[in-house]
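Undergrad: Numbering (this note's numbering), first residue to last: 1408 to 2089. Sharing a structure below in structure tokens format, with a few things to ask.
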Amino acid sequence: MKREQDDIRTNKTADWMNKINNPVTQPQHSEVQNVQHNNTEHGVEHEEFESSPINLSPNPPVYGPAILMPKGQGLMGPANWEETELHNCSIKLNRGLKAGLHKKTRYPQPVDVVLSFAGSEATHANEDYDVEDGVPRGMLARQTATAIRIQNAVGPVKNTLGTPKDQRPLGVAIVSTLSDDDHNKQTSKDNLTDSDTAKAIKSARKKRKSRNGALRPVILDDLSRPLMFTVGEGVSLATMRTGKIGGGKSLTAYIQQSPRDAIDRQAQSWRVIQSILESSSNPLIMPPVISIGGTSYDAYMTWDEDPRAFVPKGAFQYITTTPQDLLPKDVAAAASRKKLESVAGLTCIDMGDVINNIPVVMLDMNDEANQKFVENEALRLVLENYKGLQPAVMLDRSDVIVKLSEYSNSLGKASQWAELYREEKDERGQKKIESTRIQQRDLYLGHSIHLNRHRIEALGTGRAPSSTVENDLTYSVTRAFAQAYGRNAGEIMLSNLDVHRSKIKMAQVVIYLPEDMTIVSRKAQLRRLQDSVTEALQNKFATKWNLPIFVTTYAVPMDERDHPIVSVRLMTHAKDVFDLLVEDTPETFEKILTNVSLFEQKTTDGKQNGRPKNTVLENAIWNSEIKAMTSKKNRGISFFKRWGDILKIVKKAIYINRAQRNKTGWSNGVAEEESQRKKRNF
């Protein structure tokens, strides 16, 4: 729209005539650095034509919940906050969606696809807002760019509401579960009126195909804090708060404040999103990307209590954790214990078929390549379900799901080798082997790398041998292993270390290529690329046991500056990760001197009345945490009881004498004479 038309739509006639008569005119809109509150007097709203990337009008009510709606019963009135109850607002939301379809840049927007993140690390809640080399930084800016990328890739979808048109842009919502501290930081007026935030949001909105619009709150929670923003047509950002100051970095801190209120608060917020999803002809909800902190587990337990069956087939759940070799020394033992406990909670509890069939992948989301890979995974799933995207060569998408299921049944969670074996003696002193199935979900260790377009094409055309990527894949494997091992050994050396090979059951390599690369349309070159990657990875595991390797390649829309991504996912067992973490944490068995005098220690050899004068600190912490999880105080949270029961089993396996003396204690724990018959080196 021309500038003169803009002025006609937003100014009175007298003002327009003054501008014609006055040759020196001032720009009507301020620069991006000055975020404006738009004027809605006399029913005239001009946010659809404004350049300001953030709009905070009209002022929110003192108390919520509330939804931004057109004033009156029609769809064209000025924006007005209407108080409501979030658990019973579907009728009001339906009218708000119809208004949003007409106005496009204000009021709630339709949602077809939901991406979910929880905790400071997964959401980037602590990242400062900025634009770095054209890339927007900061939580809301990153999420805006991701949503627009997915929306642009899919294009128009069916509008089930029917008006004003039969089609509309794909609705993408990104949900962030945050502690109150992080929520306040992201949604405060200071942050939303900051020039750096405005600059980042404006950068994130570039290249969109749908109607552009300002970031503006459209739904408020009970404290009148933003629960959902929209950013133009079809883009929604939900910010859910747990009601707690922090997440809790240990189970001790986490259990002290029951998550019941946080779970109920999130469940109420999710009802709003699920009500909006009812208008979608093909709703999709991605598994939440979480860390292992308390806020993430609040989100995970909310998912456990209401796992909607909108998760697309072939989805993985990504868990971001700090690699072992990057843990600060003073908290490394506690962090390793929490990681072990979290793996048990994520993979060893029966969560029902919906969640049990979603594999878990541990990776470091602080790495840029991993961030891009997780984003591309979400994009792939959306394109598969809306555009019929298939792997670039050989298999179709259903084959990929079946192939992974076969590996799961034979090598993964469903195999007998994932069971926890222990050796016990019966009443007659005879040895017997007992097994316990503890793993309910498949578990992978993962890491991703960028390979530039030239190297990908060289591998595909045969101009570069497979050996040129061996070091790259070695790096990926070592960084994947660093999720569970490497604190006291630095980089994990793969050569001549059969123990590392025994922890890997199979490897899946996922390659994402820009769809504009020439190689994408040449099947022979794609096959050569996959063969080169397979050969390079196999060569790095040059042991007597071959490694099953499965490579899939996808072509997806990318910017010109984006490089192809190669990600390695290593299937392992939960008990193998427990084994690595225990081996990597010598504090697990360290004895700590308790409060005894020097005289007592010298004269009684460290004992008094038969009681030892030292304690295994980590074991004592385990006991106190398990006791708290299974206490009456937390009886209303069934997940805690199940989690505590699993931790009892795992703790027993860690602290039995055999596990302390025998480093193969986790390798099915069978007697030596039976090892050839029972044990298999996967």
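We put the CB at the ideal spot given by N, CA and C, even for glycine.
Would you give the residue range spanned by the alpha helix (DSSP H) that E1997 belongs to?
TA: Premise fails: E1997 is in no alpha helix (DSSP H) and is neither H nor E.
Undergrad: In terms of residue numbering, what span does the alpha helix (DSSP H) encompassing K1779 cover?
TA: E1775 to K1794
Undergrad: How would you call G1541, buried or exposed, if buried means at least 16 neighbouring beta carbons within 10 angstroms?
TA: So G1541 ends up on the exposed side.
Undergrad: Which two residues bound the contiguous beta strand (DSSP E) that contains T1622?
TA: The amino acid occupying residue 1622 in the given sequence is Leu; Thr does not appear at that position. Looking at the DSSP string, the run of the beta strand (DSSP E) that includes L1622 is L1622 to L1627.
Undergrad: Express the C-alpha separation of R1556 and H1970 in angstroms, rounding to a whole number.
TA: H1970 and R1556: Cα-Cα distance of roughly 16 Å.
Undergrad: Taking the alpha carbon of Q1731 as the reference point, which residue from E1990, V1469 and G1721 has its own alpha carbon closest?
TA: Answer by Cα proximity: E1990.
Undergrad: If you drop the 5 nearest sequence neighbours on each side, which residues of the same chain put their C-beta closer than 7 Å to that of R1618?
TA: K1511, T1512, G1639 and E1640
Undergrad: Closest to P1576 by CA distance: which of G1471, Y1828, S1805 and S1687 is it?
TA: S1687
Undergrad: Count the other CB atoms within 10 Å of the CB of A1621; is the residue buried (16 or more) or exposed (fewer)?
TA: buried
Undergrad: Ends of the beta strand (DSSP E) at F1888?
TA: Run containing F1888: none in the beta strand (DSSP E); it sits in the alpha helix (DSSP H), E1877 to F1888.
Undergrad: In chain order, what are the residue ranges of uninterrupted alpha helix (DSSP H) at least 4 long that sit wholly in the region 1452–1526?
TA: Listed in chain order, the complete alpha helix (DSSP H) runs (minimum 4 residues) inside the region 1452–1526 are 1497–1510.
Undergrad: Judging by CA-CA distance, which residue of Q1516, Y2062, F1888 and S1873 is the nearest neighbour of L1944?
TA: S1873
Undergrad: Name the two residues that bound the continuous beta strand (DSSP E) containing N1724.
TA: First, the amino acid is wrong: residue 1724 is Gln here, not Asn. For Q1724, the enclosing beta strand (DSSP E) stretches over residues Q1724 to T1727.
Undergrad: Consult DSSP for E1534 and reduce its assignment to one of helix, strand or coil.
TA: coil
Undergrad: Taking the Cβ atom as the reference point for each residue, do A1525 and T1584 lie within a distance shorter than 8 Å?
TA: yes
Undergrad: Going straight from the alpha carbon of L1463 to that of K1720, what length do you get?
TA: 39 Å
Undergrad: Which class does T2001 belong to by DSSP, given the choice of helix, strand or coil?
TA: coil
Undergrad: Grouping DSSP H, G and I as helix and E and B as strand, with all else coil, what is Q1915?
TA: strand
Undergrad: Please specify which runs of the beta strand (DSSP E), each continuous and at least 3 residues long, are wholly inside the region 1684–1730, giving them in chain order.
TA: Runs of the beta strand (DSSP E) spanning 3 or more residues and lying entirely within the region 1684–1730 occur at 1724–1727, in chain order.
Undergrad: Run through DSSP, which three-state label would K1651 get?
TA: Of the three classes helix, strand and coil, the one that applies to K1651 here is coil, per DSSP.
Undergrad: What are the residues that DSSP puts in a beta bridge with P1766?
TA: In the DSSP output, where bridge partners are listed per residue, P1766 has none listed.
Undergrad: Does the Cβ-Cβ distance between F1717 and P1690 come in under 8 Å?
TA: Taking 8 Å as the Cβ cut-off, F1717 and P1690 qualify as a contacting pair.
Undergrad: Taking all protein chains shown into account, decide if P1571 is buried (16 or more other Cβ within 10 angstroms of its Cβ) or exposed.
TA: exposed
Undergrad: Closest to Q1932 by CA distance: which of R1968, Y1892, A1871 and T1885 is it?
TA: A1871
Undergrad: Use the C-beta contact count for P1517: other C-beta atoms within 10 angstroms, 16 or more gives buried, fewer gives exposed.
TA: buried
Undergrad: Put T1432 into one of helix, strand or coil per three-state DSSP.
TA: Low confidence applies to T1432: its pLDDT is 38, below 50, so where it sits in the model is not reliable enough to give any reading.
Undergrad: Could you give the DSSP three-state label for N2021: helix, strand or coil?
TA: Assigned with DSSP and collapsed to three states, N2021 falls in strand.
Undergrad: With H, G and I counted as helix, E and B as strand and the rest as coil, what does DSSP make of L1987?
TA: helix
Undergrad: In whole angstroms, give me the CA-to-CA distance for G1700 and Y1851.
TA: 19 Å
Undergrad: Of the residues D1986, I2033, R1935 and N1501, which one's Cα is nearest the Cα of E1685?
TA: N1501
Undergrad: Short of 6 Å in beta carbon distance, which residues of its chain neighbour P1477, apart from the five on each side in sequence? Order them along the chain.
TA: G1484 and A1506
Undergrad: If you check the beta carbons only, do A1891 and V1984 fall under 8 Å apart?
TA: yes
Undergrad: Whole angstroms are fine: how far does the CA of T1728 sit from the CA of A1529?
TA: Between A1529 and T1728, the alpha-carbon positions lie close to 9 Å from each other.
Undergrad: Leaving out five residues before and five after T1551 in sequence, what residues of the same chain have Cβ atoms less than 8 Å from its Cβ?
TA: P1543, I1608, A1611, R1612, L1622, V1638, V1642 and L1644
Undergrad: According to DSSP, simplified to helix, strand and coil, what is F1948?
TA: coil
Undergrad: Anyone know if the C-beta pair for A1554 and Y1536 falls short of 8 Å?
TA: no
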